[in-house]
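Here's the structure, in C-alpha cells; my notes come after.
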Amino acid sequence: MSTSTLPEMPRPGIEAEIPYLPIFLDVRERKVLLFGGGPAAAAKASLLVRSRAQVMVVAERLCEELHRLFDEGDIAWDEQTFQPSMLDDAVLVFDGADDPALTDLLVRETRARGILLNVVDRPAACDFIVPARLERGPITIAISTGGAAPALARMIRQQLEAAIPEGYGRMARAAARYRQRVKERLPGVRARQRFWDRMFDPASAKALCRLREDEIVSRFVAALADADDTPAGSVQLVGAGPGDPELLTVRAVRAIETADVIFHDALVPAAILQIARREARLVSVGKRAGRASVDQALTNRMMTVAAEQGERVVRLKGGDPLIFGRGGEEAAYLRERGIPVSIVPGITAASAIGAELELPLTHRGVARSVRFVTAQCRTPEETGRIEWERLVDPSTTLAVYMGRDQAGQIAEALMRAGMPATTPATAVENGTCPGSRHRFVQLADLGSSVAALDGRAPVLLLIGDAVGEAPGWQAACGTNDISEPAPAAAVG
Numbered sequence: 263m264s265t266s267t268l269p270e271m272p273r274p275g276i277e278a279e280i281p282y283l284p285i286f287l288d289v290r291e292r293k294v295l296l297f298g299g300g301p302a303a304a305a306k307a308s309l310l311v312r313s314r315a316q317v318m319v320v321a322e323r324l325c326e327e328l329h330r331l332f333d334e335g336d337i338a339w340d341e342q343t344f345q346p347s348m349l350d351d352a353v354l355v356f357d358g359a360d361d362p363a364l365t366d367l368l369v370r371e372t373r374a375r376g377i378l379l380n381v382v383d384r385p386a387a388c389d390f391i392v393p394a395r396l397e398r399g400p401i402t403i404a405i406s407t408g409g410a411a412p413a414l415a416r417m418i419r420q421q422l423e424a425a426i427p428e429g430y431g432r433m434a435r436a437a438a439r440y441r442q443r444v445k446e447r448l449p450g451v452r453a454r455q456r457f458w459d460r461m462f463d464p465a466s467a468k469a470l471c472r473l474r475e476d477e478i479v480s481r482f483v484a485a486l487a488d489a490d491d492t493p494a495g496s497v498q499l500v501g502a503g504p505g506d507p508e509l510l511t512v513r514a515v516r517a518i519e520t521a522d523v524i525f526h527d528a529l530v531p532a533a534i535l536q537i538a539r540r541e542a543r544l545v546s547v548g549k550r551a552g553r554a555s556v557d558q559a560l561t562n563r564m565m566t567v568a569a570e571q572g573e574r575v576v577r578l579k580g581g582d583p584l585i586f587g588r589g590g591e592e593a594a595y596l597r598e599r600g601i602p603v604s605i606v607p608g609i610t611a612a613s614a615i616g617a618e619l620e621l622p623l624t625h626r627g628v629a630r631s632v633r634f635v636t637a638q639c640r641t642p643e644e645t646g647r648i649e650w651e652r653l654v655d656p657s658t659t660l661a662v663y664m665g666r667d668q669a670g671q672i673a674e675a676l677m678r679a680g681m682p683a684t685t686p687a688t689a690v691e692n693g694t695c696p697g698s699r700h701r702f703v704q705l706a707d708l709g710s711s712v713a714a715l716d717g718r719a720p721v722l723l724l725i726g727d728a729v730g731e732a733p734g735w736q737a738a739c740g741t742n743d744i745s746e747p748a749p750a751a752a753v754g
C-alpha cells in the first residue's frame, strides 16, 4: 500500500435508512400553492412568507391570520375550487384543507407534474414534511422524527433553544459580512477551515456570543492578521474511552469534530466515528487478536504522511492512548520526524467498568492500590514470561487487560503464588457498550466464567478483595457458593 494514498472507509451507519432527505430549499420569489383557509394553513403561510415565497392561498374563506397576511399584501388569495392549471409554475404545494377528496386529487396531479406535496397531518401522502425549527438569525436548525412523533421534535427544539443563545445569530451575521475577506486573505480551503474552526472553537464562541456584531467582526479582523496561509499538519493521539460515546471527554469530541483524517482502532464504535465531519476520511488501522490487522509501522508512516501534507490527524484509540495503547511509541515516532503531536486522555476500561458495576478499584481498609496489567505482550514468548506470582498482593486490585484467552492460566498462577481461591473476581466483556456482559465469581472459577461468556469481544479481568465490595459480587457470591453465579447478577 502506498503511504501517500490513504484508504477511505465507508461512513459508519451508512446503511441506516433515513425516512426523509434533509435539505433547505430556496423558494424566494417562487410560486407556492397553499390549499385551505384555517389555522393549519395559516401556520404554513407564515413560514412561507418569511421565506419570501410567492404564496397563493386557495380557499373559500380565510381565518383571521390569513386575512391579515392578505390585507398586508403578503399572500394572494383565490376563492375558486381547485383547477389543474393552478399548479402551473408552482414549486411546492401545501394541503391544509382537510378534504380527503381534494387531497386525493392533489396527490395525483402533483405527482404527474413532479411537484412536491405536503399534506397536513397525513405523512403517508407527503412528498416532504416541514420539521420543527430553531432560528438564530441566519442559523436555522431543523429537527424531524420522520413524521413519527412531531411532539418529540418540538421538545428537542425547546431544549436546543435553551442551549443555543441568541448570540449565535450575531456570530453568523458577522461571519457572513467577513467571509469574502477571509477568502481573499486565505485562498486555500484548508487554511480557511482552520481559521473558522479557531474562531468558533467552543471557548472562543462562548466569548464571541456576548459581543455586539461589530465587535465580533473586529475579533475576526485581528485573528485574520495572524492566520497562516499554509497551516502545518499535526497529530493528536485521542482516547476514545471504553466505547460509550457519553464517556468521551469534551476535548476528545472537539478533536474528532475538527480532524481531516482519523486513523481509528477496530474497537472504536460507529457512534463515536459519526461525530467526525462528513468530509473527514476514516481509516481503520485496528488490531484484533487472531485476525489480520494493519502493521504498526504502516500506521506510523500513514500518520506522518498525512501530517506532512498539512492535515489535522487524529489517531483514535480505545480507552486511554497511554495505557496499553502504544501511545508512547507513536508519539516518539512522530516527534523524531518533527511532527507536532499532542495527547488527549481517555477513560480507561478499568475505571469505566468499575463505575458501571459500582466496583471500587481501591477501598479503604481493603485495597490501597490498583495495578493495570496486560496479558498480551509483543510476542508469545514475552507473554509467557509474565511473572503473575509477583502480582499477588492482598492490598492491591489487579486490572488485567486482554485477558480472555489466558483467564484460566492467570487464575491458576495467582493461586499457586498464594492468592486465595475465594478472592473476589469478575470478567467483563464489552464493558459500557451495548451487549456488555459480566460474571462475578471467585478466583477459582475465573477461567470457566470467561469461557461461559462465549464471545470474541475484549474482556477485562478485575481481581482482588475490593471487587467483593461491588453489590453484584455480594449478590452472586456472598453465600460462598462458587458453583454458578446467581442469574440476576451474574450476566449483565
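In the working numbering, the protein residues as written are 263 to 754.
The C-beta atom is built at its ideal place from N, Cα and C for all residues, glycine as well.
As the structure is a computational prediction, the values presented were derived from the model and not from experiment.
DSSP lists Gln316, Ala352 as the beta-bridge partner residues of Lys293. Under DSSP, Lys579 takes part in a beta bridge, and its partners are Gly501. Only residues of its own chain outside the window of five on either side were considered, and among them Gln316, Val317, Met318, Val319, Phe332 have a CB closer than 8 Å to the CB of Ala338, listed in chain order. Using a 10 angstroms sphere on the CB of Phe356, the tally of other CB atoms reaches 16 or more, which defines it as buried. When DSSP reads this structure, His700 sits in a beta bridge with Val690. Ranked by Cα distance from Gly726, the options Gly680, Gly693, Ala713 are led by Gly680.
When C-beta atoms of the stretch 726-738 are compared with those of the stretch 616-630, three or more pairs fall below 8 Å, so the two segments count as touching. For Glu334, the three-state secondary structure derived from DSSP is coil.
Cβ atoms of Pro583 and Gly501 come within 8 Å of each other, at about 5 Å.
Put simply, of Ser496, Gly693, Thr688 the residue whose alpha carbon is nearest the alpha carbon of Ala737 is Thr688. The three-state secondary structure of Ala629, taken from DSSP, is strand.
Judged by DSSP secondary structure, Glu397 falls within the beta strand (DSSP E) whose first and last residues are 394-398.
Membership of Leu560 in the alpha helix (DSSP H) is indicated by the continuous run 558-570. Tyr282 sits in coil when the DSSP states are folded into three classes, being neither helix nor strand.
A direct Cα-Cα distance of roughly 15 Å separates Glu397 from Val311. Under the three-state reduction of DSSP, Leu324 is assigned to coil, being neither helix nor strand.
In the three-state scheme derived from DSSP, where H, G and I count as helix and E and B as strand, Arg588 is classed as coil. If you look at Ile401, you'll find it in the beta strand (DSSP E) that goes 401-405. Membership of Val444 in any beta strand (DSSP E) is not indicated; the residue belongs instead to the alpha helix (DSSP H) covering 429-447. Linking Arg416 to Gly627 through their CA atoms gives a straight-line distance of about 52 Å. In the assembly as shown, Gln704 is a buried residue. Its beta-carbon has 16 or more other beta-carbons within 10 Å. Ala307 is not a Cβ neighbour of Leu295, given a cutoff of 8 Å. Fully enclosed beta strand (DSSP E) runs of no fewer than 3 residues occupy 378-381 of the stretch 356-391, in order along the chain.
In this structure, DSSP gives Arg574 an extended state, which the three-state scheme calls strand. In the DSSP secondary-structure assignment, Leu724 is bridged to Ala661, Thr688. At the C-beta level, Cys739 and Pro682 stay beyond 8 Å of one another. DSSP lists Leu499 as the bridge partner or partners of Ile605. Apart from the 5 residues on each side of it in sequence, Ala394 sits with its Cβ closer than 8 Å to the Cβ of Ala404, Ile405, Ser406, Pro412, Ala415, Arg416, Ile418, Arg419 in its chain, given in chain order. When the Cα atoms are used, Gly376 and Ala363 turn out to be separated by approximately 20 Å. Measuring C-alpha to C-alpha distances from Glu649 to each of Asp667, Val632, Tyr595, Ala673 identifies Ala673 as the nearest.
For Ile524, there is no enclosing alpha helix (DSSP H); the enclosing beta strand (DSSP E) has its first and last residue at 523-526. According to the DSSP assignment, Ser546 belongs to no alpha helix (DSSP H) but to the beta strand (DSSP E) extending over 543-546. If the five residues before and after Val530 are omitted, its C-beta is found closer than 7 Å to the C-beta atoms of Ala502, Leu578, Gly580, all from its own chain and listed in chain order.
For Ser347, there is no enclosing alpha helix (DSSP H), as DSSP gives it neither H nor E.
By the neighbour-count criterion, in which a residue is buried when 16 or more other Cβ atoms sit within 10 angstroms of its Cβ, Thr566 is buried.
Assigned with DSSP and collapsed to three states, Thr636 falls in strand.
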